[in-house]
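According to this note's numbering, the sequence shown is numbered sequentially starting from 30.
Note that the Cβ used here is the ideal one computed from N, Cα and C, for glycine as well.
Let me begin by presenting the structure, written as structure tokens, before commenting on it.
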Amino acid sequence: MKRLILTILWVVPCGAGVSAAAEESLPVFTDVTEEAGIHCKHSFGDMELSNIVEGTGAGAMFFDYNGDGWLDIYLPNGCWRWDVNDNRGRILRGKLTNRLYRNNGDGTFTDVTDQAGVGDRGFGFGCSAADFDGDGDLDLYVLNYGPNVFYRNNGDGTFTDISAESGLADDRWSLSAPWFDYDGDGDLDVYVANYLEYDGGKFRDFYPAAGYPGPLSYPGQADALYRNNGDGTFTEVTQEAGVYQPDGRAMSATVADLDNDGRLDIYVPNDAMQNWFYRNLGNGRFSEEGLILGLAFGEGGQGVSSMGPAVGDVDRDGRLDVFIPDMGYSCLMVNRGEYFEDRTASSGLALVCGQYTGWGGLVLDYDNDGYLDIFVANGNAHHEYTEEDVLMRNDGRGHFIDVARLSGEYFRHKYVGRGATYGDYDNDGDLDILVVNLNDSPRLLRNDGGNRNNWLTLELKLPNGKSDAIGARVVLEAGSLRQVCDLIPVTGYLSQADPRVHFGLGPATRAERIEVRWPDGSTTERTNVAANRILKIVQQEP
């Protein structure tokens, strides 16, 4: 019925639909997992899904760990633990590891997990990467049920485990870790989103049809903010920074300058309770203002089990908006300056997303028309029941149109989706998608046709020419569009995306103006920049 209704809408001349010509020219996503050499499978360490730890799934990451200009892939995995899994799963003990795939630059990947030394055998969920020590290469942080693992990149294709000495071996159940310089001292700090305190299966008072107890059956956990000391170590500053909440159930976190004041704020969606927005006050402290701004709850005021937040200026008004998949209708919170307006229903998203259980949400311009579209990986929360994924195209007039049936064979299949991320892994100018499926193979989806429109990708580097300028803001003007984007790779559910800032330009063959506001507040301007290339911009020394 959903497809029939949308088809009727498309033929209304004045409606927010897709014309016949547009249908013919839409990009498609091709599942290239096998031919790309991604031969692995996610596991929750058991034969049958039986608790909330197993059902939470994992994310994924695109990052260039060896600095060769091609995006590599990191995939966390589960493991067998006596305090989580059933005895039947013991045959998996010691056999499950995370995976690192090196991009060969020809559309294929090679598994280099062992030689790189990053095959952690803990119960992995999320991952992020950042150059915490300023040496020009990306270090790797793995979020676990149990102690987290932090790897320093040695710059020669290998990593060294520095979890204990760095102070980042948080032993709570961690899911997500965005990096940013919260205190303005020039190095990257990290916010760790922690979930809840699982009891090893002791609590059994639940509705059997649900499969297992939900998140409110367990105490929450406090998130943690770690300050980079500049000497290879970190200090937890959660309470003194004003971001301490002892009973949270964070499902992911992201940072962005949501109030346009030049400082990076923190947004934390929680499971089955209110979400938090921490406004950066600029003095090393934050103020929690989610309820005031309309970011605390979903439509109707209910806690809707929010998943991973994705940030982008969907209406091109110069303010960053927030999209959050959930177990209801999902939430599109449009930034009105003094508050955020829930536009989920009026934008057309509720009609489609309300049929599924949303997890990995992406806000990306997959067709390079200059407007941000939405992808959601879906899957049942308590059972291995498969669901379709969602692709919604932004029509540029405040509405999203379901184009999944027009976008490739992949969307005709169902999975138990969890994390998702995006990146231009083949450097052809359009954004590809990587989806993690519970207890199943990941799916690498190559974007075929997104580069028929013009595009521009920016590599923003600090003065050393190698380190990503995390937290930089870009304003790009091309034709009639003015686009705004913050360089924050950690986005969505348990995942991290391409750190390069990607812009679709539509028919425009150049950008009239690009302004980069660097993390220290200084700016760089470029004018009359030709389209269809990857442009590196390096911050000048002060």
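DSSP places residue 382 in the helix class (H, G or I) of the three-state scheme. Around the beta carbon of residue 442, fewer than 16 other beta carbons lie within 10 angstroms, which makes this residue exposed. Here the alpha carbons of residue 544 and residue 557 stand approximately 12 Å from one another. By DSSP's assignment, residue 531 forms a beta bridge with 486. Comparing alpha carbon positions, the residue from 250, 227, 252, 254 closest to residue 241 is 227. In this structure, DSSP gives residue 493 a state outside helix and strand, which the three-state scheme calls coil.
Per the DSSP secondary-structure output, residue 406 pairs in a beta bridge with 389.
Residue environment analysis places residue 416 among the buried positions, since at least 16 neighbouring C-beta atoms fall within 10 angstroms of its C-beta.
DSSP places residue 82 in the helix class (H, G or I) of the three-state scheme.
Residue 464 sits close to residue 418, with the two beta carbons spaced by under 8 Å. In this structure the stretch 262-272 lies against the stretch 183-203, because at least three pairs of beta carbons, one per stretch, are closer than 8 Å.
Under the 10 Å beta carbon count, residue 516 is surrounded by 16 or more other beta carbons and is classified as buried. DSSP places residue 193 in the uninterrupted alpha helix (DSSP H) bounded by 192-195. When C-alpha distances from residue 248 are compared across 296, 300, 286, the shortest belongs to 300. Around the C-beta of residue 423, 16 or more other C-beta atoms lie within 10 Å, and the residue is accordingly described as buried. Separation of residue 491 and residue 546 (C-alpha to C-alpha, rounded to the nearest whole angstrom) is 12 Å. In the structure shown, residue 232 adopts coil according to DSSP, grouped into three states. The Cβ atoms of residue 159 and residue 566 lie no closer than 8 Å to each other. Rounded to the nearest angstrom, the gap between the Cα atoms of residue 425 and residue 394 is 11 Å. Per the coordinates, the alpha-carbon of residue 342 lies some 7 Å from the alpha-carbon of residue 512. By alpha-carbon distance to residue 131, the top candidate from 65, 359, 238, 157 is 65.
Contact between residue 521 and residue 378 does not hold, since their C-beta atoms are separated by about 16 Å, which reaches or exceeds 8 Å.
Per DSSP, the unbroken alpha helix (DSSP H) holding residue 143 starts and ends at 142-145. The beta-bridge partner set that DSSP reports for residue 355 is empty. A distance below 6 Å between beta-carbons, with the five flanking residues on each side excluded, links residue 54 to no residue of its chain.
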